[in-house]
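Asks: Structure provided below as structure tokens; questions to follow.
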Amino acid sequence: MQIINTHNLKTHNAYQYLFFNRSIETMFADVQFKGRTSIVTPTNSLCYMGGGFDRYLLQGLLLGTNITNYKYLENIIQDQQLRKHHGYLTPNSIHKIELESLFENDKEYKYQDTLAYKNWNLVEIIQLPTMVVPEPIHQVTNVFDSLWNLLHEIDKSHDRLTNLIIPGIGTGFGHLDEYESTKLMIFTFFIYNLQLTKNDRLNQLKKSALILFFFNKDYKLFKNQSDINELENNQIITNYGKQKNSNLKPNSIMEFDELFKYLSNKLSMTSSTKLGYTLGFIRCKENNKVLLLNRNKAPWMGKWNGVGGKLIPGESPLDCIIRETNEETGLFLNNFQSRGILTWKVSNDKDGDLIDYGGLYLYTVDISLEQYENYRTPLVFDKEGILDWKDWEWIIHEDNLGMVDNIKLLFKYLFQGNEDDKYEVTYHNHQLISFIAFPRI
1 MQIINTHNLK THNAYQYLFF NRSIETMFAD VQFKGRTSIV TPTNSLCYMG
51 GGFDRYLLQG LLLGTNITNY KYLENIIQDQ QLRKHHGYLT PNSIHKIELE
101 SLFENDKEYK YQDTLAYKNW NLVEIIQLPT MVVPEPIHQV TNVFDSLWNL
151 LHEIDKSHDR LTNLIIPGIG TGFGHLDEYE STKLMIFTFF IYNLQLTKND
201 RLNQLKKSAL ILFFFNKDYK LFKNQSDINE LENNQIITNY GKQKNSNLKP
251 NSIMEFDELF KYLSNKLSMT SSTKLGYTLG FIRCKENNKV LLLNRNKAPW
301 MGKWNGVGGK LIPGESPLDC IIRETNEETG LFLNNFQSRG ILTWKVSNDK
351 DGDLIDYGGL YLYTVDISLE QYENYRTPLV FDKEGILDWK DWEWIIHEDN
401 LGMVDNIKLL FKYLFQGNED DKYEVTYHNH QLISFIAFPR I
């Protein structure tokens, strides 16, 4: 959490992490989880489960039944998995076992009687082969790769699961130090879930560079000099990172505080700007018409503007513009494109100081000619005002005093813009004195 706050980073999902220093059997008996639960177990490629966490898990799955020999469950699971995967579980890959369906016809083992089912609603085991046979893990990147594949798979089914239980990876037969294993797991969860301001190639390379440095990998081993130049010259790697790159320690992982000295501006992953409103514009590209709202109330009473409104607590800007558009027009449109943000300041009459009045998230959406023709205007849909389709040239015309003044200027950029663009306007005595458009870095 300190790393996230220090470097102004944000994550995709607000997951809650709980840490338990207890045996799995004790947890089955004493801990209860709400919702659907899945558990990860490191294993080997032959699906033998007689050692390490595998065995403790099987013994825990017997709690609440009359069966005491873990081999009973191992044989059933091994039989299914080896037949399903042609005799070999590929290391660092994901292999799921649906527990209820696996045991639904078993006459001796009643899965619904187990503590795992009653206390956890454990629906599946996820096997994560970290080795072919039980042996020390020589490359910590193997554990990282396994966890990365796991998180990628969980992303596809996160709506099905409430709880994911993950044991320490590699600390048994893998002979990894518990501290190093914990640090590795936390880093994997963190970097996978790290939110980018813009999901493009160079921003993803910042994540890639983080992973390289974490494992003390030398980026200068790339053979193409242009690739090295790109990493060094596009605000990805700092001068500190360039100088220290020759002092990396192979086969070890870097401490977090040191790691973040290597990346430019601590990643610049997300903007700290928090705005309270959205504004969207609906266009029919085929005839260059835009749906506008002539507002009945302040702000901008009597002026033509887009649709939108205030975010409610817990609502994303995208969800807000979809909701507000539906409420103000009756249209349900879910293909809005983010076009950046607009902020405004007002000059203080007394001393000339600028007061920050916040801002809003900008969105646009294109509709078909058929949708345009089916939406007849002028129209009063609700108390917000009058809706009407307006020509593009009419909107931006210099003599048009009926438009919100900053919107006329904004339209020169808006529909070609992207989610990182920023616009800044300044007013004095209700007069627009400054409009600045620039991309956000």
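Using full-length UniProt numbering, the first residue of the sequence shown is number 1, and each one after it goes up by one.
Note that the Cβ used here is the ideal one computed from N, Cα and C, for glycine as well.
Got a sec? Which residues, its chain only, sit under 7 Å from residue 144 by beta carbon, not counting five neighbours each side?
Replies: Cβ neighbours of residue 144 beyond the five flanking positions: 184 and 188.
Asks: Do you know offhand how far residue 227's Cα is from residue 138's?
Replies: So the alpha carbons of these two residues sit roughly 29 Å apart.
Asks: Determine, using beta carbons only, whether residue 303 and residue 404 come nearer to each other than 8 Å.
Replies: Result yes, Cβ atoms of residue 303 and residue 404 sit closer than 8 Å.
Asks: Residue 421 and residue 340: beta carbons closer than 8 Å?
Replies: Yes, the pair counts as a contact, with Cβ atoms nearer than the cut-off.
Asks: For residue 366, does the three-state DSSP call read helix, strand or coil?
Replies: Note: residue 366 maps to strand in three-state DSSP.
Asks: If you compare alpha carbons, which of 39, 291, 17 and 201 is closest to residue 25?
Replies: Cα-wise, what sits closest to residue 25 is 39.
Asks: Taking its Cβ as the centre, do 16 or more other Cβ atoms sit within 10 Å of residue 199, making it buried, or is it exposed?
Replies: It is exposed - the Cβ of residue 199 has fewer than 16 other Cβ atoms within 10 Å.
Asks: By Cβ distance, which residues of its chain are closer than 6 Å to residue 33, with the 5 residues on each side in sequence left out?
Replies: If we look at residue 33 and ignore the five residues flanking it on each side, its Cβ neighbours are 120 and 163.
Asks: Which residue wins for smallest C-alpha separation from residue 23, given the options 47, 45 and 58?
Replies: Among 47, 45 and 58, the Cα nearest to that of residue 23 is on 58.
Asks: When the Cα atoms are used, what is the spatial distance from residue 428 to residue 299?
Replies: If I take the Cα positions, the gap works out to 15 Å.
Asks: Use the C-beta contact count for residue 317: other C-beta atoms within 10 angstroms, 16 or more gives buried, fewer gives exposed.
Replies: Buried, by the Cβ-count rule.
Asks: For residue 263, I'd like the list of residues in its chain whose CB is within less than 8 Å of its CB, leaving aside the five on either flank, ordered along the chain.
Replies: Taken in chain order, the residues that qualify are 206, 209, 210, 213, 236, 237, 238 and 241.
Asks: Answer with yes or no whether the minimum CB distance from residue 193 to chain C is below 8 Å.
Replies: The chain labelled as chain C is not found in the depicted structure, where only one protein chain is given.
Asks: Quick one: what does DSSP say residue 304 is sitting in, helix, strand or coil?
Replies: The answer is strand: DSSP assigns residue 304 an E or B state.
Asks: What whole-angstrom Cβ distance do residue 435 and residue 364 have, given they're in contact under 8 Å?
Replies: Between residue 364 and residue 435 the Cβ distance is about 18 Å, and since that is not below 8 Å, they are no contact.
Asks: Would DSSP call residue 137 helix, strand or coil?
Replies: Residue state, collapsed to three classes: coil.
Asks: Give the DSSP bridge partners of residue 294, in chain order.
Replies: Per DSSP, 304 and 386.
Asks: May I ask you to report which of helix, strand or coil DSSP gives residue 163?
Replies: Strand, per DSSP.
Asks: Secondary structure at residue 373, three-state DSSP: helix, strand or coil?
Replies: Reduced to three states, the DSSP call for residue 373 is helix.
Asks: For residue 46, which option in 333, 358, 61 and 134 has the closest C-alpha, if you only look at C-alpha atoms?
Replies: Minimum Cα distance to residue 46 is reached at 134.
Asks: Mapping the DSSP letters down to three states, classify residue 129 as helix, strand or coil.
Replies: Reduced to three states, the DSSP call for residue 129 is strand.
Asks: What residues in its chain sit with their C-beta under 7 Å from that of residue 191, if we drop five residues either side in the sequence?
Replies: Result list for residue 191: 207, 210 and 211, in chain order.
Asks: Taking only runs of the beta strand (DSSP E) that begin and end inside the stretch 71-113, which ones reach a length of at least 3 residues, in chain order?
Replies: Whole beta strand (DSSP E) segments, 3+ residues: 95-98.
Asks: Considering only residues of the same chain and omitting the five flanking positions on each side of residue 431, which have a CB-CB separation below 8 Å?
Replies: If we look at residue 431 and ignore the five residues flanking it on each side, it has no Cβ neighbours.
Asks: Can you list, in chain order, the residues of its chain whose CB lies under 6 Å from that of residue 52, leaving out five sequence neighbours each side?
Replies: Taken in chain order, the residues that qualify are 172 and 173.
Asks: Indicate whether residue 357 and residue 344 have their beta-carbon atoms separated by less than 8 Å.
Replies: Closer than 8 Å, so yes.
Asks: Short of 8 Å in beta carbon distance, which residues of its chain neighbour residue 220, apart from the five on each side in sequence? Order them along the chain.
Replies: Around residue 220: 228 and 245.
Asks: Check the C-beta distance from residue 73 over to residue 114 and give it rounded, since I have them as a contact under 8 Å.
Replies: At roughly 10 Å, the Cβ-Cβ gap does not stay under 8 Å, so residue 73 and residue 114 are not in contact.
Asks: Using the beta-carbon count (16 or more within 10 Å), is residue 44 buried or exposed?
Replies: Label assigned to residue 44: buried.
Asks: Measuring alpha carbon to alpha carbon, tell me which residue in 141, 368 and 48 is nearest residue 79.
Replies: Closest by alpha carbon: 48.
Asks: How many angstroms separate the CA atom of residue 342 from the CA atom of residue 35?
Replies: So the alpha carbons of these two residues sit roughly 41 Å apart.
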